[in-house]
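If you read the sequence shown in the numbering used here, its first letter stands for residue 57, the second for the next number, and so on. Cβ coordinates follow ideal geometry from the N, Cα and C atoms, glycine included. Bear in mind the structure is a predicted one, so any value in this text is a computation, not a measurement.
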Amino acid sequence: MMVSLVIPVFNEEEMLPRLFGALSRFISLEQTDKREFEVVLVNDGSRDASWALICGQHEKDPRFRGVCLSRNFGHQLALTAGLDCARGDAIVAMDADLQDSPEVVGQLIAEWEAGHDIVYGQRVKRHGESRFKLWTAHGFYRLMRLISRDRTPYDVGDFYLLSRRALDRLKAMREHHRYLRGMIFWLGFQPKAVPYQRLERKAGVTKFSVARMVRFALDGIISSSTMPLYLASYLGFASAVVGLILTVWSFVVHYFQPGVVRGWASTVIIILFLGGIQLISIGILGLYLARVYDEVRGRPLYIVRENTPGTGGQI
Ligand code: UDP
Ligand code: MG
């Protein structure tokens, strides 16, 4: 049996030496006659020495393998690239910054050996994150749960284990705008939760700016739900009802208060109201249309520039 640890890496030169140390210790503890490990590191267009460090580590210990993308494709696609070339019977997706600690990986593997196909880490506490991030993440996961049919649980990041058969199903889903932590719950297989405390980043800084978080949140909503499209229709319906009420009201005013000069205020209100709703609805349509456009172009999800020797495999 082989377990692959898949780790996207973007400008993590400060983190990598610690990561290699922690993983080597973890592997020597957990490795047995029946259980081997490999580590797949995907360099997501880093502009620092990350790739050189990965190659160096591969030479020292060939269980560490590297895939180098041609530019920065973003966390989700880098993770996809790693999942595509992982060879394990189970794969674990985790971050390079040791926020998801190797001890918890041991627990994920134990649950897999107990027969679960999908085992995910659920954060019960997050250390060292800004209040803004905690608060927005809290709101976002609850919103997702409300509008999505995939039953994505609260507070789950890209830290999970997939069995080979679950991974093969996931690999068949080739959409461009990915929200992997939602897609794994679409697969079914009765996912099993492992609660854990998310630690703080050990070195370096977060690679997610607010703009990136917003884009990722939109991808999450749009890839797991068509609710906003319905919302546009509901808004249209609601505005029609408001229009009807205003019509009745203007008749009442006309008959019961003759001679009063009225009209401009209600006209302006109606125009603004309808205009707003129409723009919102067109915007929502546009968001979905843009994604359809990205899919029909059928471009590859990512481009690999080079691999460490013996890694192979590009989609
Ligand atoms: N990452 C990546 N490409 C990107 C941004 C991030 O591969 O464009 C990697 C990063 O190196 C790390 C993981 O994704 O291993 C999670 O990023 P980070 O820790 O910055 O996110 P946070 O934990 O703050 O949400
Ligand atoms: Mg992090």
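Would you please state the rounded distance, in angstroms, between the beta carbons of residue i and residue j? I believe it to be under 8 Å.
| i | j | result |
| --- | --- | --- |
| residue 245 | residue 222 | 5 Å |
| residue 251 | residue 178 | 5 Å |
| residue 152 | residue 59 | Rounded, the Cβ-Cβ distance is 17 Å, inconsistent with contact. |
| residue 195 | residue 363 | 40 Å between Cβ atoms; not a contact. |
| residue 247 | residue 197 | That pair is no contact at about 15 Å. |
| residue 144 | residue 127 | Not a contact, Cβ separation roughly 27 Å. |
Nearest to residue i by CA position, among the options, is which residue?
| i | options | result |
| --- | --- | --- |
| residue 117 | 253, 362, 95 and 294 | 95 |
| residue 279 | 132, 125 and 333 | 132 |
| residue 91 | 308, 62, 120 and 166 | 166 |
| residue 150 | 144, 69, 161 and 322 | 161 |
| residue 352 | 233, 260 and 286 | 233 |
| residue 249 | 217, 193 and 304 | 217 |
Three-state secondary structure (DSSP) at residue i?
| i | result |
| --- | --- |
| residue 97 | strand |
| residue 371 | No answer about residue 371 holds up, because its pLDDT of 45 lies below 50 and its placement is not dependable. |
| residue 150 | coil |
| residue 258 | coil |
| residue 344 | helix |
| residue 103 | coil |
| residue 334 | helix |
| residue 143 | coil |
| residue 155 | coil |
Could you check where the alpha helix (DSSP H) with residue i kicks off and where it finishes?
| i | result |
| --- | --- |
| residue 275 | 266-280 |
| residue 227 | 220-227 |
| residue 86 | 72-86 |
| residue 125 | Element bounds for residue 125: not the alpha helix (DSSP H) but the beta strand (DSSP E), 120-125. |
| residue 205 | Here residue 205 belongs to no alpha helix (DSSP H), and DSSP marks it neither H nor E. |
| residue 237 | 236-242 |
| residue 163 | 158-169 |
Taking residue i as part of the beta strand (DSSP E), name the residues at either end of that continuous run.
| i | result |
| --- | --- |
| residue 58 | 58-65 |
| residue 302 | Residue 302 -> not in any beta strand (DSSP E); alpha helix (DSSP H) instead, spanning 283-312. |
| residue 179 | 174-182 |
| residue 69 | Per DSSP, residue 69 belongs to no beta strand (DSSP E) and is neither H nor E. |
| residue 362 | 360-363 |
Are residue i and residue j touching if we call contact CB-CB under 8 Å?
| i | j | result |
| --- | --- | --- |
| residue 78 | residue 154 | yes |
| residue 333 | residue 295 | yes |
| residue 326 | residue 292 | no |
| residue 254 | residue 181 | yes |
With hydrogens ignored, establish whether the beta-carbon of residue i is closer than 7 Å to any heavy atom of the ligand ZN.
| i | result |
| --- | --- |
| residue 136 | Although the ligand ZN was asked about, the structure shown includes only the ligand UDP and the ligand MG as ligands. |
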